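Undergrad: Encoded as C-alpha cells, here's the structure I'll be asking about.
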Amino acid sequence: MATNLVRLLESSIRSNNAGVASRTLRVFSSQQQQSEQSVEDDEEFRVLNLRTVKQQARKRVIKKEVAPPPRTTHMPVDQDWTAVWSGPRSFHPASVPLPLRQGYTERGAAAPSKYANAELMKIPNFLHLTPPAIRQQCEAIKKFCTPWPKGLESEATWKAIFPVEVVTTDYCHSLPTIRHPEARRVTITLKLTDLKFDAHAKDKFLRLVGDRYNQETGVLTFVADRCPTRKQNYDYALYLLTACYHESFITEPWEDSKSEADMEVYLFERNKAKVSAEAILNWNATGEKQAPSATYADSVEKLINEGENEYNIAKYKEEVLKMLKIAI
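Residue numbering for the sequence shown follows UniProt numbering, beginning at 1 and increasing consecutively.
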C-alpha cells in the first residue's frame, strides 16, 4: 500500500515538472519570436509619405533657338572694316568675309575651314591693323605731330647733321610678360668718317673697337644687350663710343718708345724710305731741298702694307719714274 502511494507521488511530480518545462519553452519561444520581429521592424526603412495622391511629373520642353545666318552673308563690299574689327581680338569666323584655312590634314586633303577652327584662334591676328585702319589712326594723331624741320628734306642733309643711327626692335608676342627678351637690344651705327681723328688717334681707335668696324663699308657698329632695359643698353652703347673716342687721343708713355720693328703698319714718314728718297732727289743739289710727293709715299705704303700685286707694283713703278723724271 505504501509502495503504491510513493509511486503515485513520483508520477505526479514528474508530470508537474514536464508541464512547467513546456510552459517555460513556450514563453521563451514566444519572446524570441517577438525580439526577431522587433529587429526586422527596426532594420526596415520607413517611408514618410505626406502626399497620398500621386501626380505625374511634367516633362521639360527645351526650346532650341534658331541661329541667325553668319554676318558675312550680308556684309556689303564697301563696308567700313574698322567698324567691324576695331581692335585686337580673337578670330571670329562669322565676322571675317575671307575663306581662311589653317591646320594639318592628311596628304592631298584640304586644310580645315575657318569654322570651329581652334588653330586660327590660337595665333594673334592683325585684322585690326589694315591699311584703312592705320590711315584713320594717322589722321587722328596728326594734330599732335610737329612739322618736319626745314633744311632736312634730303637724306644726305640730315645724315650729315645726325650721323648716329639708333636701331631698336619691338615685338608683338603672347607671353605672360610684356617684356620680350630681344626688345632690350640697342644697335648704334655711324660712319667712321664722321669722327675727327689724327693719325695716332685713328689707329688706336680702330684697335680699341676691333671687329665693330667694317672696313668694306666704313661703318662702326655698337650692339648692347647685357642690361635688363633698353634705356640702360642705350646709355651703355653711347658710353662705349665716347670712351673709345676719347681714349684714342691719349698717348701713353710706352707708345713713344716703339721702334720701327714694333709698328703694326708701315708709315712712309717714319721709315728710312723717306730718307733714301730725299737723298736721291737732292743729290748734288745746292738750292732748296725737295721732298717726295704724297702720291709716291702712298704707293710705297700700299706696296708694303697690302702686299705685292699687279696694281701696287705698277703704281709704284709709275711714281718712281715720275720722281726720277724718266720718260718712257
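Where is the CB? At the ideal position from N, CA and C, for every residue including glycine.
Since we're looking at a predicted model, the values are computed, not measured.
Looking only at C-alpha atoms, which of Ile-250, Lys-63, Lys-143 and Phe-162 sits nearest to Ala-199?
TA: Position 199 of the sequence shown, counted from the start, is the residue given in the question as residue 199. Nearest C-alpha to Ala-199: Ile-250.
Undergrad: Quick check on Glu-106: does DSSP put it in helix, strand or coil?
TA: For the purposes of this step, residue 106 is taken as residue 106 along the sequence shown, with counting starting at 1. Three-state result, Glu-106: coil.
Undergrad: Straight-line CA distance for Lys-204 to Gly-287?
TA: Residue numbering aside, residue 204 sits at position 204 when the sequence shown is read from its first letter. Residue numbering aside, residue 287 sits at position 287 when the sequence shown is read from its first letter. Looking at the two C-alpha atoms, the distance is approximately 40 Å.
Undergrad: First and last residue of the beta strand (DSSP E) that includes Ile-188?
TA: In the sequence shown, counting from the first residue as 1, residue 188 sits at position 188. Segment 186–191, the beta strand (DSSP E) holding Ile-188.
Undergrad: Let me know if Val-300 comes out buried or exposed under the rule of 16 or more other beta-carbons within 10 Å of its beta-carbon.
TA: Position 300 of the sequence shown holds residue 300. Around the beta-carbon of Val-300, 16 or more other beta-carbon atoms lie within 10 Å, marking it buried.
Undergrad: Where does Tyr-266 fall in DSSP's three states?
TA: By 1-based counting over the sequence shown, the position of residue 266 is 266. If DSSP states are grouped into helix, strand and coil, Tyr-266 belongs with coil.
Undergrad: Note down, one range per segment and in chain order, each beta strand (DSSP E) of at least 3 residues found wholly within the region 166–221.
TA: 186–191
Undergrad: If you check the beta carbons only, do Phe-222 and Leu-206 fall under 7 Å apart?
TA: Here residue 222 refers to the residue found at position 222 when the sequence shown is read from its first residue. Here residue 206 refers to the residue found at position 206 when the sequence shown is read from its first residue. For Phe-222 and Leu-206, no; Cβs fall outside 7 Å.
Undergrad: Within the same chain, show all residues whose beta-carbon is closer than 6 Å to that of Ile-313, passing over the 5 residues directly before and after it, in chain order.
TA: Here residue 313 refers to the residue found at position 313 of the sequence shown. Nothing meets the Cβ criterion.
Undergrad: How do the region 102–115 and the region 157–171 stand: do at least 3 beta-carbon pairs fall below 8 Å, yes or no?
TA: At 8 Å Cβ cutoff, the stretches do not touch.
Undergrad: Mind checking whether the beta-carbon of Asn-125 lies closer than 6 Å to any heavy atom of the ligand SAM?
TA: Although the ligand SAM was asked about, the structure shown includes no ligands whatsoever.
Undergrad: Using the Cβ count rule (16 or more neighbours within 10 Å means buried), how would you classify Arg-58?
TA: Locating residue 58 in the sequence shown gives position 58, where the first residue counts as 1. So Arg-58 ends up on the exposed side.
Undergrad: In three-state DSSP terms, what is Thr-24?
TA: Locating residue 24 in the sequence shown gives position 24, counting from the first residue. Legend: pLDDT at Thr-24 = 47, less than 50; position of this residue unreliable, value from coordinates given subsequently. Three-state DSSP puts Thr-24 in a helix.
Undergrad: What residue does the alpha helix (DSSP H) around Met-323 start on, and which one ends it?
TA: Working through the sequence shown from its first residue, we reach residue 323 at position 323. Met-323: member of the alpha helix (DSSP H) spanning 310–324, first to last residue.
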